[in-house]
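**Student:** I'd like to ask you about the structure that follows.
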């Protein structure tokens, strides 16, 4: 949904509530969990090394739980106060080309694994009023063999609305910018919080 001026909180809440009742706009829901994608979709895969060791992994896991990978200047995530859970709907408000673009996504899955690599993962998928159609997975990993911690983003997408089709080269630039900014936000989160105690909220994040 497009706005000439920034929508207020009530407009955003009503938008999220309406979208939460609708279905995903793409096939193979959950395919990012299998590293698959439907035909006709563009795939983006990006990774960044966050540091070494269990403490960094715990910080990275908590950063995902708090949606810190969305904390940069041209994006606002609404319902970021809630930890990711399946079927949760969030609104993503972006400012681009002089417009405010409000998109809706629903969390598809949340997965926690300990073998062979320790991982915390969740993905969300697009709903009808999203400019794009597709799914995106956010993942942090701790590799025991070299003690390294990574943030990994996997997405597949294609335009879902007329304007996003007409402006597709620009859309692709913004998608790439999102990946770069998201990785930097995670890296910054490790630097800012490495020596701080994890909040109690971390105990409730993910499947148990």
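In our numbering, the protein residues as written are 127 to 334. The beta-carbon is built from N, C-alpha and C at its ideal position, and this holds for glycine as well.
Look at the alpha carbon of residue 292 and the alpha carbon of residue 180, and state the distance between them as a whole number of angstroms.
**Tutor:** Taking the straight line joining both Cα atoms gives about 45 angstroms.
**Student:** Identify whether residue 138 lies in helix, strand or coil by the three-state DSSP scheme.
**Tutor:** If DSSP states are grouped into helix, strand and coil, residue 138 belongs with the helices.
**Student:** Quick check on residue 314: does DSSP put it in helix, strand or coil?
**Tutor:** Three-state result, residue 314: helix.
**Student:** Exposed or buried, which one is residue 115 when buried takes at least 16 other CB atoms within 10 Å?
**Tutor:** Nothing can be reported for residue 115, as the shown portion of the chain is limited to 127 through 334.
**Student:** Express the C-alpha separation of residue 214 and residue 224 in angstroms, rounding to a whole number.
**Tutor:** Rounded to whole angstroms, residue 224 to residue 214 spans 29 angstroms at the Cα level.
**Student:** Say yes only if the C-beta of residue 299 is nearer than 8 angstroms to one or more non-hydrogen atoms of the ligand SAM, and no if none qualify.
**Tutor:** Only the bare structure without any ligand can be found here, which leaves the ligand SAM out of the picture.
**Student:** Please go through the same chain and pick out, in chain order, the residues whose beta-carbon is closer than 6 angstroms to the beta-carbon of residue 267, but skip the five residues on each side of it.
**Tutor:** Counting only Cβ-Cβ distances below 6 angstroms, and skipping sequence neighbours, we find 243, 245, 276.
**Student:** Does the Cβ-Cβ distance between residue 234 and residue 150 come in under 9 angstroms?
**Tutor:** Contact: yes.
**Student:** For the alpha helix (DSSP H) holding residue 181, just list the boundary residues, first then last.
**Tutor:** Segment 180–191, the alpha helix (DSSP H) holding residue 181.
**Student:** Alpha carbon to alpha carbon, how far is residue 165 from residue 309? Give it in angstroms, no decimals.
**Tutor:** Each residue's alpha carbon lies about 27 angstroms from the other.
**Student:** Compute the Euclidean distance between the alpha carbons of residue 125 and residue 182, then round it to the nearest angstrom.
**Tutor:** Nothing can be reported for residue 125: it is not among the residues displayed for the chain, which extend from 127 to 334.
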